[in-house]
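Working notes, structure below.
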Amino acid sequence: MKWIKVRRPSTGGLWKKLGIALAVLGPGFITANVDNDAGGIATFSMAGAYPFGYACLWTIVPITLMLILTQEMGFRMGAVTGKGLADLIREKKGLRTTFYLMSALLIANIGNTIAEFSGVAASLEIFGIAKWLSVPLAAIFVWFLVVKGSYKIVEKVFLFATLFYVAYIISGVMAKPSWEEVGLAVLAPRIQWSQQYLYMVIGLIGAAIAPWMQFYVQAAVVEKGLAADDYQLAKWDVVAGCIVANTVAFFIMMACGATLGKSGIAITSAAEAGLALRPLAGHYASLLFSFGLFVASLFAASILPLSTAYTISEGLGFEAGVNKTFREAPHFYGLYTAIIAMGAIAVLWPRFPLLPFMVFSQVVNALLLPFVMLFVIQLASSTELMGEFTNSRRMNILCYSLMGMLLACNGLLIYLWLGE
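Under my numbering, the letters of the sequence shown match residues 12 to 431, in that order.
Take a look at the structure:
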């Protein structure tokens, strides 16, 4: 099936193709998997717990398709134009539009960063480590990693971190789900017509496909130095990353559905899910789940502020990039530092409403997503920008249809909220 108008460049033999594919691995794989963060894991856990059980498992299939489509466009634009998404929006849509979009994203991403540090705190408290120690140390670690490291070092650390997501696949198997029930839930879903169910489905979309991902994947492609010639092999970085990320999400939902959903246990956080799994799936499944939450939270606490710093700096025309020094890109690193500090301090504030904030931040992601994607689809369809790498008509029809359905769901949810 042809999704874009492009010639296929010759890339040589199998080993050469494999070598190139490994060399360009990174931006797509990292971006897709980092969204399995504290807020995402909390949302996936609650979607599997009571009262939903397996009822939301079917959503992973259309969400994976949507994630691949959105990430592929960002990856392709970065490789072809050599510019970040915020840069292109500013050039094509003007500074005023860019300012309003950046402001909305900044607020949403600060909320998401707070959720990441709350995940660090909650996961290590299970192992007996107080948040007054874990959160400041985590903040210092992620700050030094990015500010003092090069892009190559940062990328290698992030790729290594994605290996730990296998903990959720193992804990999902240890939960001993009914594979027949799982299969029926995916292939013949029983959709619940309620506000609570709609809220959860929209939260799942926002947990798997956040607006910040579009900006980060494109910025990472540019900083890695990938070009149009790398696209044909590099796109598998996106596809593989999206499939792995949503496989992990599926196993989290399945593990909670097989245990918490079956036992009538409702939860309010990912940490509660880890503790609740202990008597139902075993001590080691609980520890794996909690350890996975820590790694995911620390991983995302690095990426989310970094993505925001890229986005705001590009949108306002400031220098940005991990390969630059603090003196060369003061606004970029200053914003990165400020967001980490705000996220960590909020978690240490005793009265901050952390638990409701986590899932709500994912719903906000889904509410913002169609507006960001409207810019992405328009830019990816521009012959002036993309040349022969533009979206095909078939791809645009599919993308606009998916965003239209999401807008309809968002509108219905807002209508139900206002009617309360």
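We put the beta carbon where it would ideally sit given N, CA and C, even for glycine.
- Between Ile425 and Cys253, the CB-CB gap reaches or exceeds 8 Å.
- Contact check between the segment 53-65 and the segment 316-331: fewer than three CB pairs, one atom from each, fall below 8 Å, which does not count as touching.
- Cβ contact annotation for Ala266 (same chain, cutoff 6 Å, sequence separation greater than five): Ser182, Gly183 and Ala186, in chain order.
- Using a C-beta cut-off of 8 Å, the segment 322-342 makes no contact with the segment 300-308, since fewer than three inter-stretch Cβ pairs fall below that distance.
- Secondary structure note for Phe152: its alpha helix (DSSP H) is the uninterrupted segment Lys142 to Val158.
- Contact between Asp46 and Ala221 holds, since their C-beta atoms are separated by about 6 Å, short of 8 Å.
- Annotation for Asp248: the continuous alpha helix (DSSP H) segment containing it runs Tyr242 to Cys267.
- Close CB contacts of Ala132 within its chain, under the 7 Å cut and outside five residues either way in sequence, are with Lys142, Ser145, Val146 and Val358 (chain order).
- By the criterion of a C-beta distance shorter than 6 Å, Thr124 is surrounded in its chain by Leu315, Pro316, Ile350 and Gly354, once the five residues flanking it on both sides are discounted.
- For Thr109, the enclosing alpha helix (DSSP H) covers residues Leu106 to Ile137.
- When DSSP states are grouped into helix, strand and coil, Glu330 belongs to the coil group.
- In the three-state DSSP reduction, Asp46 falls in the coil class, being neither helix nor strand.
- The three-state secondary structure of Cys67, taken from DSSP, is coil.
- DSSP, read as helix, strand or coil, puts Trp223 in helix.
- Remark: three or more beta-carbon pairs, one from each stretch, lie closer than 8 Å, so the segment 224-240 and the segment 81-101 are flagged as touching.
- The C-alpha of Arg101 is placed about 17 Å away from the C-alpha of Ser392.
- With a 10 Å radius around the Cβ and a threshold of 16 neighbouring Cβ atoms, Ser372 comes out buried.
- Annotation for Asn257: Ile71, Ile74, Thr75, Leu78 and Ala219 place their beta carbon closer than 7 Å to its own, counting only its chain and skipping 5 residues before and after.
- Residue burial annotation: Thr173 is buried, with at least 16 other C-beta atoms found within 10 angstroms of its C-beta.
- Here the segment 377-391 makes contact with the segment 405-425; the two share three or more CB pairs at distances below 8 Å.
- C-alpha of Ser205 to C-alpha of Ala277: approximately 17 Å in a straight line.
- Looking from the CA of Gln207, the closest CA among Thr54, Asn44 and Leu418 belongs to Thr54.
- One thing to note: Tyr347 has its Cβ within 8 Å of the Cβ of Val157.
- Shown here, Gln203 sits in coil according to DSSP, grouped into three states, outside any helix or strand.
- Phe175 is a Cβ neighbour of Gly303, given a cutoff of 8 Å.
- Here Asn421 has Leu378 as same chain residues with Cβ atoms under 6 Å from its own Cβ, once five neighbours each way along the sequence are excluded.
- Listed in chain order, the non-local C-beta contacts of Val212 below 8 Å within the same chain comprise Cys67, Thr70 and Cys420, local neighbours out to five positions each way being set aside.
- The closest CA to that of Lys104, considering only Met416, Val387, Gly415 and Asn402, is found on Val387.
- In this structure Ser134 is in contact with Ser301, their Cβ atoms being roughly 5 Å apart against a cut-off of 8 Å.
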